[in-house]
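Residue numbers (the working numbering): 1156 to 1346.
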């Protein structure tokens, strides 16, 4: 309960109406220096208790209309900061508490990592005669850079493994590479 009370003090009730939400979005984009997904950001702000989903979407829409942010050239569902938005962020960032800025930045960095990992991960499940073949692929743009498959006895286990991989795709990719190169490292150390 104490955590909720301290967070309520962290996020002012008039964040949207005071314009601080817009400043916070510009600050976040400036600090990250890369595009962020619109819908996932609005969801994140909602689930983290920063601002409700609709206020965040409205703030993003208004920032775009005012040319503080713009849609990413590669994807219409991503936004980036404009030079005008960077100036707003630099000028007014102190109007938003440093604790709130840090909380938002940390949450968005984690969200981006999950977003990128899921975007670069492809998991397919195919029914075969002897079970269900789960194929996990890591994409590098349009190219497949790593892929492995495993046969599972039923769809329930295949779906469970798929969910586990999606929670932390980097772990599975790194573990697979480590398993493949472990013998090579052991042989090097023996010589």
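Every residue, glycine too, gets a C-beta built ideally from N, C-alpha and C.
- In the structure shown, residue 1308 adopts coil according to DSSP, grouped into three states.
- Note on geometry: alpha-carbon atoms of residue 1252 and residue 1295 lie some 38 Å from one another.
- Annotation: residue 1292 is outside any alpha helix (DSSP H); the continuous beta strand (DSSP E) that includes it extends over 1286–1295.
- For residue 1276, there is no enclosing alpha helix (DSSP H); the enclosing beta strand (DSSP E) covers residues 1276–1283.
- For residue 1192, the number of other beta carbons within 10 angstroms of its own is at least 16, and it is reported as buried.
- By the Cβ test, the segment 1267–1275 is in contact with the segment 1186–1201, since at least three Cβ pairs between them sit closer than 8 Å.
- Looking at the DSSP output, residue 1302 shares a beta bridge with 1292.
- With contacts defined as CB atoms closer than 7 Å, residue 1181 and residue 1223 qualify as a contacting pair.
- Closest in C-alpha terms to residue 1185, from the list 1240, 1174, 1285 and 1275, comes 1240.
- Between residue 1206 and residue 1233, the beta carbon gap of about 19 Å keeps them out of contact (Cβ cut-off 8 Å).
- Here the alpha carbon of residue 1337 sits roughly 14 Å from the alpha carbon of residue 1328.
- Per DSSP, reduced to three states, the secondary structure at residue 1318 is helical.
- Of the candidates 1216, 1258, 1221 and 1266, the residue whose Cα lies closest to the Cα of residue 1231 is 1216.
- In terms of CA proximity to residue 1274, 1292 leads the group 1292, 1263 and 1284.
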